[in-house]
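**Student:**
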Amino acid sequence: MSGNRTFTMIKPDASEKNFCGAILKQIQEAGFKIIALKQTRMSLKQANDFYQIHSERPFYNDLCSFMSSGTIIPAILEKENAVEEFRKLIGATNPANAEAGTIRKNYAESIDKNAIHGSDSDENAKIEGNFFFTESEKF
Ligand code: CMP
Numbered sequence: 000m001s002g003n004r005t006f007t008m009i010k011p012d013a014s015e016k017n018f019c020g021a022i023l024k025q026i027q028e029a030g031f032k033i034i035a036l037k038q039t040r041m042s043l044k045q046a047n048d049f050y051q052i053h054s055e056r057p058f059y060n061d062l063c064s065f066m067s068s069g070t071i072i073p074a075i076l077e078k079e080n081a082v083e084e085f086r087k088l089i090g091a092t093n094p095a096n097a098e099a100g101t102i103r104k105n106y107a108e109s110i111d112k113n114a115i116h117g118s119d120s121d122e123n124a125k126i127e128g129n130f131f132f133t134e135s136e137k138f
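Residue numbers (numbering that gives the first Met the number 0): 0 to 138.
1. Going by DSSP in three states, P57 sits in which element: helix, strand or coil?
2. Taking I34 and R4 to be in contact with their CB atoms under 8 Å, please state how far apart those CB atoms are, rounded to whole angstroms.
3. Can you name the start and end residues of the beta strand (DSSP E) that I34 belongs to?
4. DSSP three-state call for M66: helix, strand or coil?
5. In whole angstroms, what separates the C-alpha of S174 from that of A81?
6. Start and end of the beta strand (DSSP E) containing A74?
7. Classify F138: buried if its beta carbon has 16 or more other beta carbons within 10 angstroms, exposed otherwise.
8. Does the pairing of the region 62-78 with the region 23-39 give three or more beta-carbon distances under 8 Å?
9. Express the C-alpha separation of R103 and Q25 in angstroms, rounding to a whole number.
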């Protein structure tokens, strides 16, 4: 059975370009409820830990360095079938392949600077949400 929560993170490229407000508006208008939200910046060590799952991939070092280069907005979101619905809303990892109207089509510039993250499973949504938020920060 699919869960009703997912985790997202607006990335440093979108943050730098002041797209956060527009992206959060699109998320809310798509019916996602914000359960937790903050603005923060990851240290390189935190990015290394967060992306441990990708540590064997050739892009791991560049990814961690980029993700710790500026402010991010992590959030936990709620909607029925949240993981799948949110991945539809953000579009393909590479914005060149993303469908019109998706967040990445609207705001991302490349596969590296792709504006936003969305968890790929219920299990990862839980792990990633707990990486940034304590129970008392979830509403
Ligand atoms: P995301 O799925 O949010 O988290 C992992 C990120 O690695 C992914 O977004 C991309 O921004 C980045 N990345 C860079 N190169 C690749 C690649 N070749 N395949 C998948 N992800 C990549």
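Backbone N, C-alpha and C fix where the C-beta goes; we use that ideal spot for every residue, glycine too.
**Tutor:** Taking the geometry as given:
1. coil
2. 7 Å
3. 32-36
4. It is helical.
5. There is no way to answer for residue 174, as the model of the chain reaches only from 0 to 138.
6. 72-77
7. exposed
8. yes
9. 11 Å
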